[in-house]
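Numbering (the numbering used here), first residue to last: 159 to 463.
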């Protein structure tokens, strides 16, 4: 096993459990496989997530146990990815709550991560993240693009506090910030020849938030082992992610399978099929003064898109 990245530390800052696997799982898997130290900072417990399968009783309207359950899912995902062994929540477990979508009642609650009425929250969140990054001393940080990938307020807030923490100069170890981007052409290519399960629907234009490949800078090509690791990590989030792989899951009332040879498909609660890709694309969101724009390309040995 190659250990060529043993001197590199990479941190992913994400809003909810499952984001680390869906958005950056392939790169995190490859980095760990190559000896890098990988770490995930998660900003909320994802209490407002939409649950699939048999675990509907976990949501707030019933027992309100979803956030706690998702901690266990995150533990299993981090283990699969080879990241640090325990979840690392911004400010401590439960300090910041899942906001839900813009306009929802939950975003107005005390402690909601992206509460627009809480003027002090942003300052405290930047302090919490700065402290975490100073402790970890990453070379590269992964977080969302300014739109949060698909507009979720918590994703947008995670982007803002990450850039504030780094650009304020409190974490001089950081050379670059990379933004994961879903590329429209890759999703379209990945759906070619796919057999969509009867219960699911194929993605129509606009169903999956994505960008043109011209808006990205870097392409990570995953090995078969990297893809398998991302599959395991995503599958650990059984209340959120459904795979058409024929495997049983405690959160799913029945298995869903596609014919042999069909691309691997997965879906969220909306049951819109998405392909499990063997690539991840990124944009360079920040480069420290005196550092080459090609820093990540050179350090990671990945392709410029």
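Built from N, CA and C at the ideal position, the CB exists for glycine as well.
Going by beta carbons, residue 187 and residue 388 fall inside the 7 Å limit. Distance from the CA atom of residue 286 to the CA atom of residue 451, rounded to whole angstroms, is 28 Å.
Under the three-state reduction of DSSP, residue 444 is assigned to strand. The three-state secondary structure of residue 268, taken from DSSP, is coil.
Judged by DSSP in its simplified three-state form, residue 337 adopts strand. Per DSSP, residue 389 has no beta bridge partner at all. Closest option to residue 256, judged by alpha-carbon separation, among 197, 278, 218: 218. For the set 165, 173, 161, 463, the Cα lying nearest the Cα of residue 317 is the one of 173. Around the beta carbon of residue 225, a 10 Å sphere encloses 16 or more other beta carbons of the protein chains shown; the residue is thus reported as buried.
Residue 238 places its beta carbon less than 7 Å from that of residue 390. Going by DSSP, residue 424 is part of the beta strand (DSSP E) stretching over 423 to 425.
A distance of 7 Å or more separates the beta carbons of residue 368 and residue 441.
Scanning its chain for C-beta atoms nearer than 6 Å, with the 5 sequence neighbours on each side dropped, one finds around residue 215 the residues 221, in chain order. The three-state reading of DSSP puts residue 300 in strand, counting E and B together.
In this structure, DSSP gives residue 438 an extended state, which the three-state scheme calls strand. In the three-state reduction of the DSSP assignment, residue 403 falls in the strand class.
Around the CB of residue 231, 16 or more other CB atoms lie within 10 Å, so the residue is classed as buried.
Here the region 356 to 365 does not lie against the region 193 to 210, with fewer than 3 beta-carbon pairs under 8 Å apart.
In terms of Cβ geometry, residue 365 and residue 430 form a close pair [threshold 7 Å]. Contact between residue 433 and residue 352 is confirmed by a C-beta separation of about 6 Å, below the 8 Å threshold. Note on residue 165: under 16 other CB atoms within 10 angstroms of its CB, so exposed under the neighbour-count rule. By the Cβ rule, the region 395 to 404 counts as touching the region 207 to 214, because three or more pairs are nearer than 8 Å. Residue 341 and residue 425 have their C-alpha atoms roughly 17 Å apart. In the DSSP secondary-structure assignment, residue 429 is not bridged to any residue. Ranked by how close their Cα comes to the Cα of residue 419, the residues 350, 405, 201 have 350 in first place.
Under DSSP, residue 415 shares a beta bridge with 403.
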